[in-house]
Amino acid sequence: MSTLFTEPFFTALVLGALTAGLPLLLAGLGEQISEKAGVLNIGIEGMMLAGAYGGFLVAYHTGSIWLGYLGGALGGMAVATPMAVLCIRLGLSQIVIGMALTLGAEGTTALLHHFQFAQSYPRLPAVATLAIPGLSAIPVIGPALFDRPPIVYLAILAVFLTAYVFRSTHLGLALQAAGDKPEALDAAGVDVVRLRSLAVLATGCLAGVGGAFMAEVGAGIFVPFMTNGAGFIGIVLAMQARGRPFGVLWGALLFGACLSAATALQVAGVSIPTDVVQMLPFVAVLAVLVLLGRKASLPPALGVHYVRGGR
Amino acid sequence: MTDIRRPDHERRHEPPSGPTTTPASEDQAAGNPPGRRGTGRAWTRLALMTLGPVMGALLLSGLLLLALGVDPIAYYGFVLERGLINAYGLQATFTRMGTLLLIAAGLIVAFRAGLWNLGGDGQFLLSAVAVAALAPLLTPHLPIALVLLAGLLAGAAVGAAWSMLPALLKAYQGINEVITTLMTSFLGISLANVLVKLAFHDPATTVPQTRTLAVADRLPRLFGTTVSSGLLLGLGAIIVVHLVMTRTAFGLKLRVVGANPRAAIHAGLPVPMLTVAAFAISAALTGLAGAVEILGVQGNVRADWNPAYSLTVIPLVFLARFNGFAAIGFVFLFSVLSIGGESAARRTGVPNFFTLVVVAILLVMLGIAEYLDKRHRTARR
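Going down the list, the sequences are from chains A and B. Residues 1 to 311, numbered by my numbering, are exactly what the first sequence covers, in order. Residues 1001 to 1381, numbered by my numbering, are exactly what the second sequence covers, in order.
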């Protein structure tokens, strides 16, 4: 076995964990913002998929990876907007509408792909990486961690930023209150509906960029249903992280490692059927839920529509 | 962890004389004599609330077709012709109904008990694979009737077993079943694929699929048509489920758990036990659907086969307001769309994904209709 754990194996594992984990990180972070504000966002899978499609479409036509991310964010927010209107403003069931938006995004992106790209299946060129001087020269982890596309560093930065907003700003406090006791927030003069809508839009934006990353960097191509449950894994990450952005980061890297274990093993010369590998992240999620499920914590007003002056 | 509130439409709609739909009392308040006009209005409202979303969904998805450069009228015409008017199409529609009705029956049990069993597709596929692996092995040794019975039982058992993890986590750990059922569904779909490719692969062919059950050994067909007797199982199941949920003490207990779990505990109901039971029944019916699809229609499972029936039946069950008889009508409508859509995919080049879009728009329309209805009623008070 000693030949298995070589330097290329570990480099492939760390690299894969980061590439596969980043969309999960962005989705989990986005979901956490929604959940903090008291919205269970089941539509996040659809937001990621719309982001993947939007990101691919824009990057393919403009040739710009950054405009692609913007397209991804817009795609995600295009799915988040109906969620904000229907669930936050009109008070429809967050689960029913969330499922509907996910199904709709799946169907719509698959249809659009069928009519646009199904004949050609175009690919995007490889994305340029940004090597951080000095750090990227560290053996094994250097090239895997510090020679990545710039969006990776931005995503890590977003974790710090979210943690700061949650802990040290009025906005963070208001988000927390919107999930814990919306009446109190309303009494304090903050518009609960508006705040929750903004939270859902932020989720759409982050999940959309996550999806765009999957299409632009991870795969280099858009395939129907390509998110394959990543958004739902993001929900679990957000639940287990108990409102702390860094919890999402560690969880995303763990699941990313699960997803990339197969590639790494192939580098090491061990081959596992891809179908078995596809099961790994879900096994990991269920194992986490079984072992730590009790510790998951969600805001008391999660999924409850807030009606002003209502009881 | 907090409980996810169930959507309002679960409680609001026992058509047409349900707890909150009391047109007679509203009429009295407005100074109108109670009686026929009230009931008439209730029925009109019900028709509006049901047909409105359906028409709206077909209209909006028609616009999407138009945007994609497909003539919607020609498309829907083709779907109707192939799913309803053409004799073979209609028989295929009825056969499809058998499978979908069993799934709908399973969903009604779970949803009425306030449990979001969104893992139907994993339960369905795993059962289908188990039955497809088991039945061809038994045929040389047992009479066909026993093989079919064993297949149906095995399907139900596998489905129920696959739901136990989410059920136990929900009942004893309070873990949100929306997440766990979705996760076990993804897992089940992958596992089904692994089983088909690696364990139950038919050695006689290079195509990754299970052994095929001979056509003569499948569920009997009805009255000289090609309609599988799975239709009778489906109809029977959904009617029994409807009656059990609305007319028996067990059904009432489940509905109390669904309406207010805290009140159910105060009433002395064994909530964890009932949760597990509701999950088991729901998933067993979904598993039975998998068995019926294999024993009556497919005969084998091919690798990567996932019709995603359960996800698409969910909106139909909502549209029917968890009423079994109404669900029969909607499942029929959807079966026409589904069979016709499959033909249309081959002919007009609009892939099957289109039905997903229709279903999604239908759910949103349904929600909006509920909202407008509620606002209308509060405005009249």
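Cβ coordinates follow ideal geometry from the N, Cα and C atoms, glycine included.
Inset, instruction - Give a yes or no on whether 8 angstroms exceeds the smallest Cβ distance from A110(A) to chain B. - result: yes
Inset, instruction - Ignore the nearest five residues each way along the sequence and tell me which others in Y306(A)'s own chain have a CB closer than 6 angstroms to its CB. - result: P182, V192
Legend entry - Continuous alpha helix (DSSP H) stretch holding W1305(B): start and end: Neither: W1305(B) is in no alpha helix (DSSP H) and is coded neither H nor E.
Inset, instruction - Flag this pair as touching only if the stretch 1294–1304 of chain B and the stretch 1163–1173 of chain B have three or more C-beta atom pairs under 8 angstroms; answer yes or no. - result: no
Inset, instruction - Taking D1202(B) as the reference, give the member of G1236(B), A1135(B), T1378(B), G1083(B) with the closest Cα. - result: A1135(B)
Inset, instruction - With distances taken Cα to Cα, identify the nearest neighbour of P224(A) among F56(A), V39(A), L22(A), P8(A). - result: F56(A)
Inset, instruction - Kindly list, in the order they appear in chain B, the residues whose Cβ is closer than 7 angstroms to that of D275(A). - result: S1190, N1193, V1194, K1197
Legend entry - Min CB distance H61(A) to chain B below 8 angstroms: no
Inset, instruction - Can you have a look at Q94(A) and say buried or exposed, based on whether 16 or more other CB atoms are within 10 angstroms of its CB? - result: buried
Legend entry - Contact set between the stretch 1099–1125 of chain B and chain A, restricted to residues whose Cβ is under 9 angstroms from the partner: W1116, L1118
Legend entry - Sub-8 angstroms separation of V1359(B) and L101(A) beta-carbons: no
Inset, instruction - Measuring alpha carbon to alpha carbon, tell me which of I42(A), A126(A), A155(A) ends up nearest I221(A). - result: A126(A)
Inset, instruction - Leaving aside the five residues before and after A84(A) along the sequence, list all residues of the same chain whose C-beta is less than 7 angstroms from its C-beta, in chain order. - result: S197, V200, L201
Legend entry - Cα-Cα separation between L1064(B) and G107(A), rounded to whole angstroms: 11 angstroms
Inset, instruction - Taking the CB atoms as reference points, tell me whether V190(A) and G51(A) lie closer together than 8 angstroms. - result: no
Legend entry - Meets three-Cβ-pair contact criterion under 8 angstroms: the stretch 8–22 of chain A and the stretch 239–259 of chain A: yes
Inset, instruction - Pair every Cβ in the stretch 1070–1079 of chain B with every Cβ in the stretch 1334–1347 of chain B, then say whether three or more of these pairs are closer than 8 angstroms. - result: yes
Inset, instruction - Can you tell me which of N1260(B), V1196(B), F1334(B) puts its alpha carbon nearest to the alpha carbon of F1354(B)? - result: F1334(B)
Inset, instruction - With a 10 Å radius around its C-beta and 16 neighbouring C-beta atoms as the bar for buried, classify S271(A) as buried or exposed. - result: exposed
Legend entry - Check whether L1232(B) and V1131(B) have beta carbons under 8 angstroms apart: no
Inset, instruction - Anything in chain A within Cβ reach of T1382(B), meaning under 8 angstroms, just list it in chain order. - result: With chain B covering 1001 to 1381 only, the question about residue 1382(B) has no answer from this structure.
Inset, instruction - Verify the CB distance criterion: does M279(A) have a CB-CB separation below 8 angstroms to chain B? - result: yes
Legend entry - Any alpha helix (DSSP H) of 4 or more consecutive residues that is wholly inside the stretch 211–278 of chain A: 230–240, 245–267
Legend entry - Of the residues Q278(A), M279(A), A261(A), the one placed nearest P8(A), counting alpha carbons only: A261(A)
Legend entry - Closest Cα partner of G1089(B) within the set L1274(B), T1184(B), S1338(B): S1338(B)
Inset, instruction - At 7 angstroms on the CB atoms, spell out the chain B contacts of G229(A), in chain order. - result: F1186
Inset, instruction - For G1367(B), decide whether its Cβ has a neighbour in chain A, counting only Cβ atoms nearer than 8 angstroms. - result: yes
Legend entry - Which listed residue (A1154(B), L1048(B), E1177(B), G1062(B)) has its alpha carbon closest to that of L40(A): E1177(B)
Legend entry - Partner residues on chain B for E106(A), Cβ-Cβ distance less than 7 angstroms: L1356
Inset, instruction - Could you pull out every residue in the same chain whose Cβ sits closer than 6 angstroms to the Cβ of M1365(B), ignoring the five residues on either side in sequence? - result: P1053, G1056, A1057
Inset, instruction - Specify the secondary structure class of S1228(B) as computed by DSSP and reduced to three states. - result: strand
Inset, instruction - Measure the C-alpha to C-alpha separation of S1185(B) and Y60(A) and round it to an integer number of angstroms. - result: 33 angstroms
Legend entry - Cβ of Y1088(B) within 8 angstroms of any chain A Cβ: no
Legend entry - Distance, G234(A) Cα to L25(A) Cα: 7 angstroms
Legend entry - Distance CB(V1331(B))-CB(L1316(B)) smaller than 8 angstroms: yes
Inset, instruction - Spell out whether any CB of chain B is found under 8 angstroms from the CB atom of I42(A). - result: yes
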